[in-house]
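Here's the structure we're looking at; comments come further down.
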């Protein structure tokens, strides 16, 4: 007999970025809001206090801030004809856990989306013709325009205190910013971070090659900052512990630094940690969510009734909850029918290390997750794809994120893996090496999807989510093309040798090597219930009092890092929920 | 120990005088006819309770509001705050206003019992009849009665003998309400009333004499002290350890949000801001700032000085800073407080010219290094920005070296800190 809690107006599943955004917006609207987080509570002090948090073994090697894969994980396979096996060690992607979620250990790169990416099917058809789209590619529009989202991108940047330089304010171009940028309503809240050596070398090489580098927008504060909630950030000190780490300095935007202090003051908000949600419950009609069921810290099953249910967990858990709650139709790759699990994508990355002559000082000890210079010439549809024969692109950057001995000091190809030869190479190269990368969009394909694994179950007895994914010809062609540009820049920077990873035709997804945590799709947003799970307001087509946030609503991959888009979409959903849904509960778009 | 001796001497003196005092009896119940004709303003009464921060001391951690039971350390032992809810048997429900007024102004509870000055009636005595009347009405009518017996003080005999309190009170307490200074305007007088009266700032910030009474020597009021394991800062107009370089707005900001462009609160002041001053009206905060900023500098002897200097930063940038304190600073402090000691506006307090760093008694600085601190989350500044403690990492010598470095860098000029001073604060916190 499960414990039954007192009903609340809104229950929020997961308490990272999107959960925190929705919680404060609904609490400000006067609702009684409860957030359920399966991990522990966390605060800058004591959890990320210096010097204990800057422990490369605890955080980078042993994944201190990440999901416990011994409790629940996913299974993986390249195609539907293989048997999937569990992801037992962190590798390719790093889901977070606990209050703040992946918003704690992210790097801070904070971009939006290119307008054409939100209507890519229409855009490609208009510019290159319908036949340009490969047969297996499930390209579709997102059902929303950039202009609708713009105020919400702006809001999220104001909340995060993003450091950057605008290239386009209300249609007026500004020198020094991203020349391809879509119109912004405001300059970035803070000026760009100071460029470290890698970024300066990158920018100079790009100018020499005729590209237009700009400061990558970073939610690592370049100055002290107070956001619209009154929450404060302190300036980044370039300690180099961003990705994998909680920020010691209140400099990296996270739910803890930018939202939670204001939210925790609200008497109509409650947080319950160690609450692992198993499913969304529905009434007899199946068309109304009645709340959720979770397992509490003592292992008891608890039913939490709620008027509105918001899925705000990490991508994987949101999709799994939809499947295990049996809401909507699971995607079937054979028939192409069904929507839940459809259009699973994963951003590609090319990453190479550059080794310079001893007179080029870089010192990778210093850095910040988001600091760097970038170019946009090969992102989205900023270049003519016609003669190239592929769709998509990505951003190329020279960031300097900080590097330490345990995380791995890059050494030139051919260096021994250990011993005096390795030590000699480390000594010769540590101060004189840098890294440049291109991060690339990944399109949606008929054979790439998510469903429930028929064999493996988690610690709660629930089936694991199964990933079926591999790189497809279009994306690898694109990666080869942008990768060649990346190498061209690397050589122009004066590198005497370059080594690293470039995805080319014939490459398969390797779940062992870190790539990025930018997985997306699975509960796509759109205007057609046959190909999407939520409408443009991130409201479930099937259950109108259920809202789904996160990168799982992406209809396909984009070139930029996803957090800016994820946060902007969460503010968009929250604003419409407040202004429209609360006044008139029900489907906000007729199905 | 000094304090204990002082109290023993006082006790001896008291033994001689006490009988005479007691014979003269407690002050009679004041006449309250005039004030009782008022219609109580309950909302104003609630505000007066906030001005006086009554709830902080009269609420046990996690306990019901105003029901008492919070332990308050005094030099002679622990006293426990009393139940001031309107419960008739265990609270103040049986008091009439004359009894309440006598307690607040004379330090005598019903039944003629002299109370310990841990309850700052020495300041509350200055409150107006009207404010006390509204406060009484608020406590009686708006606070939920809670049945909770008062806990007797944990003070050993013979110090537990209360008769000397009568002598102490007769000797050191002035039971007169605040009177406006006609030479000053209304705002200044309002500020003086709040600071000296309900806000009882002197309780922590004014040095005490041999008998533990607040000093009345000229220039001593609010001139900084050592109190409860910390060193509440000098609020007078001194250039180094005082508020000379603060604007009135800086004072307002600190009391409203716990932080300003120069500094941030720590220790007991965190709770004062969180529970009390953040809720003061704009006019009242401005009046307080006006009054505090009018206070003349205290005697400079032994006080820290400040004259901004680039030398410390230059030494660091040239790689010449090799001292133990300097190296600890660069490792553990500079990330937030910056190599130049300037901090970051409103987020991380600057150490250069910081009154708490320059304080004559370095206890607060040491306490913050050892235990860390967390800003109050206030309505206007919700971020509880925190500094971690370093007691686990650095021993007394190292903390002393660090504190000395902070007190002698960027133009700070204050006395060196010794390991035994650190040990004392460390013991107090254990």
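Residue numbers (our numbering), protein chains in the order written: chain R, 3 to 593; chain G, 1039 to 1468.
Glycine included, each C-beta is placed from N, C-alpha and C at the ideal position.
Excluding sequence positions up to five before and after residue 390/R, its CB lies within less than 7 Å of the CB of 483, all in the same chain and listed in chain order.
Neighbourhood of residue 1335/G in chain R, by CB distance below 8 Å: empty, with the nearest CB roughly 31 Å away. Straight through space, the alpha carbons of residue 1314/G and residue 1284/G are spaced by roughly 21 Å. For chain R, the residues of the segment 1355-1379 of chain G that bring a beta carbon within less than 7 Å of one of its beta carbons are 1370, 1373, 1374, in chain order.
Contact check for residue 24/R and residue 312/R: beta-carbon distance about 5 Å, within the 8 Å limit, so the pair qualifies. Annotation: Cβ neighbours of residue 239/R in chain G (cutoff 7 Å, chain order): 1373.
For residue 1105/G, not one C-beta of chain R is nearer than 8 Å to its own C-beta. For the options 370/R, 568/R, 382/R, the alpha carbon positioned closest to that of residue 403/R is the one of 370/R. In the displayed model, residue 250/R falls within coil according to three-state DSSP, outside both helix and strand.
Cβ-Cβ distances below 6 Å link residue 33/R to 11, 12 in the same chain, with the five nearest sequence neighbours on each side left out; the list follows chain order.
The three-state reading of DSSP puts residue 1354/G in helix, counting H, G and I together. Beyond the five residues adjoining it in sequence on each side, residue 1169/G comes within less than 6 Å, by CB distance, of 1086 in the same chain, given in chain order.
Scanning its chain for C-beta atoms nearer than 7 Å, with the 5 sequence neighbours on each side dropped, one finds around residue 396/R the residues 380, 381, 440, 441, 442, 443, 484, 561, in chain order. Within the model, the alpha-carbon separation for residue 250/R versus residue 1213/G is close to 51 Å. Apart from sequence neighbours up to five positions away, the residues of its chain that approach residue 1180/G with a beta-carbon distance below 6 Å are 1080, ordered along the chain. Residue 445/R sits buried, since 16 or more C-beta atoms from the chains shown fall within 10 Å of its C-beta. Cβ-Cβ distances below 6 Å link residue 158/R to 569, 570, 573 in the same chain, with the five nearest sequence neighbours on each side left out; the list follows chain order. Assignment of residue 76/R by DSSP, reduced to helix, strand and coil, places it in the strand class. Within the segment 1257-1269 of chain G, not one residue has a Cβ closer than 9 Å to any Cβ of chain R.
Rounded to the nearest whole angstrom, the C-alpha separation of residue 317/R and residue 552/R is 6 Å.
For residue 1192/G, not one C-beta of chain R is nearer than 8 Å to its own C-beta. Segment contact: the segment 463-482 of chain R against the segment 335-348 of chain R, three or more CB-CB distances shorter than 8 Å; contact assigned. Residue 305/R has 6/R, 295/R as its beta-bridge partners, per DSSP.
Shown in chain order are the members of the segment 250-267 of chain R whose Cβ falls below 8 Å from a Cβ of chain G: 250, 251, 252, 259, 263, 264, 266, 267. Distance from the CA of residue 209/R to the CA of residue 215/R, rounded to the nearest whole angstrom, comes to 7 Å.
When the Cα atoms are used, residue 306/R and residue 35/R turn out to be separated by approximately 12 Å.
By the CB criterion at 8 Å, residue 1241/G and residue 1158/G fall inside the cutoff. Nearest to residue 55/R by alpha-carbon distance, out of 190/R, 556/R, 242/R, is 242/R. Look at residue 232/R: its C-beta is under 8 Å from a C-beta on chain G. Of the candidates 247/R, 231/R, 525/R, the residue whose Cα lies closest to the Cα of residue 61/R is 247/R.
Bounds of the beta strand (DSSP E) holding residue 354/R are 350-357. Straight-line measurement puts the Cα of residue 175/R at about 15 Å from the Cα of residue 217/R. With a threshold of 8 Å between beta carbons, residue 1421/G makes contact with chain R.
Along the segment 1400-1419 of chain G, the positions whose C-beta sits under 8 Å from a C-beta of chain R are 1410, 1412, 1415, 1417, 1418, 1419, read in chain order. In this structure, the CA atom of residue 1110/G is about 12 Å from the CA atom of residue 1193/G.
A distance below 6 Å between beta-carbons, with the five flanking residues on each side excluded, links residue 1293/G to the following residues of its chain, in chain order: 1315, 1323.
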